[in-house]
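A.B. asks: Handing you a structure now.
Protein chains: 2
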Amino acid sequence: MLGPRGPGRHRRASVLSRIISSTANERLKRLRRLRKRRDRDDAGVFLIEGYREVKRAFEAGVAIEEVYVSPALFLGQNEPALIAALGAPTHEVAPEPFASVATRDRPDGLLAVARQFDTSLSADRLDVASGPALILVAEGAERPGNLGSMIRTAAGAGVTAVIAAEPQTDVFAPEVVRASVGTLFAQPVAVASSAETLAFLRAHAVGVVTASPAGEQDYWDVDLAASVAVVVGSEQHGVTPLWLDQADVVVRIPMAGVDSVNVAAAAAVLLFDAVRQRAARPQA
Amino acid sequence: MLGPRGPGRHRRASVLSRIISSTANERLKRLRRLRKRRDRDDAGVFLIEGYREVKRAFEAGVAIEEVYVSPALFLGQNEPALIAALGAPTHEVAPEPFASVATRDRPDGLLAVARQFDTSLSADRLDVASGPALILVAEGAERPGNLGSMIRTAAGAGVTAVIAAEPQTDVFAPEVVRASVGTLFAQPVAVASSAETLAFLRAHAVGVVTASPAGEQDYWDVDLAASVAVVVGSEQHGVTPLWLDQADVVVRIPMAGVDSVNVAAAAAVLLFDAVRQRAARPQA
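In order, the protein sequence lines correspond to chains Z and U. Heads up: the first sequence begins at 36 in our numbering, then just goes up one per residue. Heads up: the second sequence begins at 36 in our numbering, then just goes up one per residue.
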């Protein structure tokens, strides 16, 4: 739609001239449909909302197919440069109809349609060989916000990869992208069955450290500086028996008794204890 | 409305006979209004949704004024016994209108109206003297879900108290109750200004450990087994300068570089490192 691509990839992108001013616009209707997993999967695309998120996607090489912008909603000065760098067909939308396609309370005027990328579980994508691996396995994640938050925490902890095992949400849900603040694009994220995940870990000699209230060892007493996968289960049911039976060690997070913590908080505690242990015992 | 209270506090509560079958019912309209802070504060009440949450409120002595039930939505067997124990006027609601007052996707048929309780910052409520205190100070919390998650994590870590300093949400928001899974009721939670909070900590000789990307010490190198308050800031802006200037120590959570973690994840990492340190160096 922009005509032949010239060498000026970083030229200012053409903003298509007609401003979309109605929520009933067919393009906006399509964007709203893409909130549903089925429509996302049928089209092979997903939504990325927000400046930080779109920027991270661009930096990671995610294929951006279209951009929707509402300049009156921009929060900073850098949006035009990012939009130009994206080099994708760009549609301007008036603030009110833009809000109808935004999923956040205070939209920042930037929404991209991107191609879904490879989330297969392969050693090509997940480089587990180049040092002691630290992998987060999130099994049966129910809430996209929790999965996104875990992906963000994992990025902060510098994991080798995140594996979503049998998630009840898909990683391309808008809430996952949002809660991850775009770190979904900044590290390898794979989706697989629990059995495939276990086989992959075994094949690459990655230890399995399962978190469960049934654990008999406190997490800080376990070596998390070795090549390990930390496995957390669903908010409601915890991990499936596979991960209890096949774990090298089942650890608990000792509680003062009132409650188990949220699964994203549990993942944060375990991953950053691995960071702490690795800092204390640096590898050669 | 139930007539004089007899000795049978644990008798089966009278369920008022007329089942509410319309979403336009005036009582249900009032419940929906109570989602708004202003209406909550005007009435001095708040909403508690869900079996676990109502149970924790009851066990903690929170004053329950009214109960709304939709038995077709109950997930377990214990709801009638809990409802009876509450001894409050109880209204039965058909599933569809119940869903109109519920704030969760899958309502479990139990919703209570409770009296707001004391959240003042006082040594009477916050027992900081009976051992090395561990206090979570959450300054400027923006999202009720984050605040609720931090309260839950704090309960898991067995803190002395949670102080919400200048929150941008109120602790009686339905999303706080929900994300806390009712642990809001299980520990002292106070709301105060940052200046009042700092004065309180100083008056009780509680050390101030502020978390910030500007910190020069890794959190694990700081003594969190002493009497300390861990201070985290808002998701967007971090802590205010007061907490950087007045801190006994400013700590960072070392990042692999991609992002700062979500504030609730940061609180979990810090509080559970305090748990770890205290387990390693138990007090006499």
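No residue lacks a Cβ here, since even glycine has one placed at the ideal position from N, Cα and C.
Please list, in chain order, the chain B residues whose beta carbon lies closer than 7 Å to that of I288 (chain Z).
C.D. replies: Note that chain B does not occur in the displayed structure, where the protein chains are Z and U.
A.B. asks: Closer than 8 Å, Cβ to Cβ, to anything on chain Z: give me those residues from the stretch 248 to 262 of chain U, in chain order.
C.D. replies: Under the 8 Å Cβ criterion, the stretch 248 to 262 of chain U contributes D253 and W255.
A.B. asks: Would you mind giving the Cβ-Cβ distance between S228 (chain U) and E201 (chain U), rounded to the nearest angstrom? I have them listed as a contact below 8 Å.
C.D. replies: Right, the Cβ-Cβ distance comes to about 6 Å (below 8 Å), so this counts as a contact.
A.B. asks: Quick one: what's got a C-beta closer than 7 Å to G38 (chain Z)'s C-beta in the same chain, skipping five residues either side?
C.D. replies: Below a pLDDT of 50, predicted positions are generally treated as unreliable, and G38 (chain Z), at 39, falls in that range; the measurement from the model is reported next regardless. Cβ neighbours of G38 (chain Z) beyond the five flanking positions: none.
A.B. asks: Is it the case that the Cβ atoms of A10 (chain Z) and R91 (chain Z) are separated by a distance below 8 Å?
C.D. replies: Residue 10 (chain Z) lies beyond the residue range present for chain Z, which begins at 36 and ends at 319; the question has no answer from this structure.
A.B. asks: When you compare only the Cα positions, how much space is there between L305 (chain U) and R67 (chain U)?
C.D. replies: C-alpha separation (whole angstroms): 37 Å.
A.B. asks: Would G38 (chain Z) pass as an interface residue toward chain U - the criterion being a Cβ-Cβ separation below 8 Å?
C.D. replies: Summary for G38 (chain Z): the model assigns pLDDT 39, below 50, so the residue's position carries little reliability; its value from the coordinates is reported in the next sentence. Not an interface residue.
A.B. asks: Rounded to the nearest angstrom, what separates Q203 (chain U) and V257 (chain Z) at their Cα positions?
C.D. replies: Approximately 39 Å, taken between the alpha carbons.
A.B. asks: With DSSP collapsed to three states, give me the class of G183 (chain U).
C.D. replies: If DSSP states are grouped into helix, strand and coil, G183 (chain U) belongs with the helices.
A.B. asks: With V266 (chain Z) and G242 (chain Z) assumed to form a contact (beta carbons below 8 Å), what rounded beta-carbon distance in angstroms separates them?
C.D. replies: So it is not a contact: roughly 11 Å between Cβ atoms.
A.B. asks: Does any C-beta atom of chain U lie closer than 8 Å to the C-beta of G193 (chain Z)?
C.D. replies: By this cut-off, G193 (chain Z) is an interface position.
A.B. asks: Report the partner residues of F81 (chain U) according to the DSSP bridge assignment.
C.D. replies: In DSSP, F81 (chain U) forms a bridge with U:A149.
A.B. asks: With a cut-off of 8 Å, does the C-beta of N24 (chain U) fall near any C-beta of chain Z?
C.D. replies: Here chain U covers residues 36 to 319 and nothing more, so residue 24 (chain U) does not appear.
A.B. asks: Taking C-beta pairs closer than 9 Å, name the residues in chain Z that S165 (chain U) reaches, listed in chain order.
C.D. replies: Residues of chain Z passing the Cβ test: none, with the nearest at roughly 14 Å.
A.B. asks: Using the rule of at least 16 other Cβ atoms within 10 Å of the residue's Cβ for burial, across every protein chain shown, is P276 (chain Z) buried or exposed?
C.D. replies: With fewer than 16 Cβ atoms within 10 Å of its Cβ, P276 (chain Z) is classed as exposed.
A.B. asks: Between A246 (chain U) and V197 (chain U), what straight-line distance do the alpha-carbon atoms span, to the nearest angstrom?
C.D. replies: Distance between the alpha carbons of A246 (chain U) and V197 (chain U): 16 Å.
A.B. asks: At what residues does the alpha helix (DSSP H) containing T232 (chain U) begin and finish?
C.D. replies: Note, T232 (chain U): alpha helix (DSSP H), S229 to A238.
A.B. asks: Contact between the stretch 142 to 159 of chain Z and the stretch 82 to 89 of chain Z: three or more CB pairs below 8 Å?
C.D. replies: Yes: at least three Cβ pairs fall under 8 Å.
A.B. asks: Short of 8 Å Cβ to Cβ, which residues in the stretch 86 to 120 of chain U face chain Z?
C.D. replies: Those residues of the stretch 86 to 120 of chain U that come within reach of chain Z (Cβ to Cβ, closer than 8 Å) do not exist; the list is empty.
A.B. asks: If we cut at 8 Å on Cβ distances, does S269 (chain U) have a partner in chain Z?
C.D. replies: Not closer than 8 Å to any Cβ of chain Z, the Cβ of S269 (chain U) fails to qualify, so no.
A.B. asks: Going by DSSP in three states, I99 (chain Z) sits in which element: helix, strand or coil?
C.D. replies: In this structure, I99 (chain Z) counts as strand in the three-state DSSP scheme.
A.B. asks: As a quick exercise: from Z:D140, Z:A120 and Z:F207, pick the residue whose alpha carbon is nearest that of F152 (chain Z).
C.D. replies: Nearest of Z:D140, Z:A120 and Z:F207 to F152 (chain Z), Cα basis: Z:F207.
A.B. asks: With distance defined between alpha-carbon atoms, name the residue in Z:L236, Z:Q271 and Z:A315 nearest to W255 (chain Z).
C.D. replies: Selected option, being the one with the closest Cα: Z:A315.
A.B. asks: Who are the neighbours of A300 (chain U) on chain Z, taking C-beta pairs under 7 Å?
C.D. replies: Those are S184, T188, A299, A300 and A303, listed as they occur along chain Z.
A.B. asks: Taking beta-carbon pairs under 9 Å, can you tell me which members of the stretch 216 to 232 of chain Z lie near chain U?
C.D. replies: Against chain U - using a Cβ distance shorter than 9 Å - the residues of the stretch 216 to 232 of chain Z are V216, G217, T218, A221 and Q222.
A.B. asks: Within 10 Å of its beta-carbon, does D308 (chain Z) have 16 or more other beta-carbons around it, so buried, or fewer, so exposed?
C.D. replies: Buried, because 16 or more other Cβ atoms sit within 10 Å of the Cβ of D308 (chain Z).
A.B. asks: Out of Z:V212, Z:A282, Z:V310 and Z:A230, point me to the one whose CA is closest to V89 (chain Z)'s CA.
C.D. replies: When each option's Cα is compared against that of V89 (chain Z), the closest is Z:V212.
A.B. asks: Suppose the cutoff is 6 Å on Cβ atoms and the five residues either side in sequence are ignored; what does the same chain contact list for L169 (chain Z) look like?
C.D. replies: Closer than 6 Å at Cβ, skipping near neighbours: V194, T195 and A309.
A.B. asks: Can you tell which of Z:R150, Z:D283, Z:E94 and Z:A116 has the C-alpha that lies nearest to the C-alpha of D76 (chain Z)?
C.D. replies: With distances taken between Cα atoms, D76 (chain Z) lies closest to Z:R150.
A.B. asks: 8 Å is my cut-off, CB to CB: does R73 (chain Z) come that close to chain U?
C.D. replies: No, R73 (chain Z) does not count as interfacial toward chain U.
A.B. asks: May I ask you to list the residues that DSSP assigns as paired with S269 (chain Z)?
C.D. replies: BP columns for S269 (chain Z) point to Z:G273.
A.B. asks: Comparing the C-beta of V266 (chain U) with each C-beta of chain Z, is any distance below 8 Å?
C.D. replies: Cβ-Cβ to chain Z under 8 Å: no for V266 (chain U).
A.B. asks: Does the distance from the C-beta atom of R87 (chain U) to that of G217 (chain U) stay below 8 Å?
C.D. replies: Yes; because the gap between Cβ atoms is below 8 Å, this pair is in contact.
A.B. asks: Roughly how many whole angstroms lie between the Cα atoms of A116 (chain U) and G122 (chain U)?
C.D. replies: If I take the Cα positions, the gap works out to 10 Å.
A.B. asks: Taking all protein chains shown into account, do 16 or more other C-beta atoms lie within 10 angstroms of the C-beta of R178 (chain Z), making it buried, or fewer, making it exposed?
C.D. replies: By the neighbour-count rule (16 or more Cβ atoms within 10 Å), R178 (chain Z) is buried.
A.B. asks: Note down, in chain order, each residue of its chain lying with its Cβ closer than 6 Å to the Cβ of G273 (chain U), except the 5 sequence neighbours on either side.
C.D. replies: S247, listed in sequence order.
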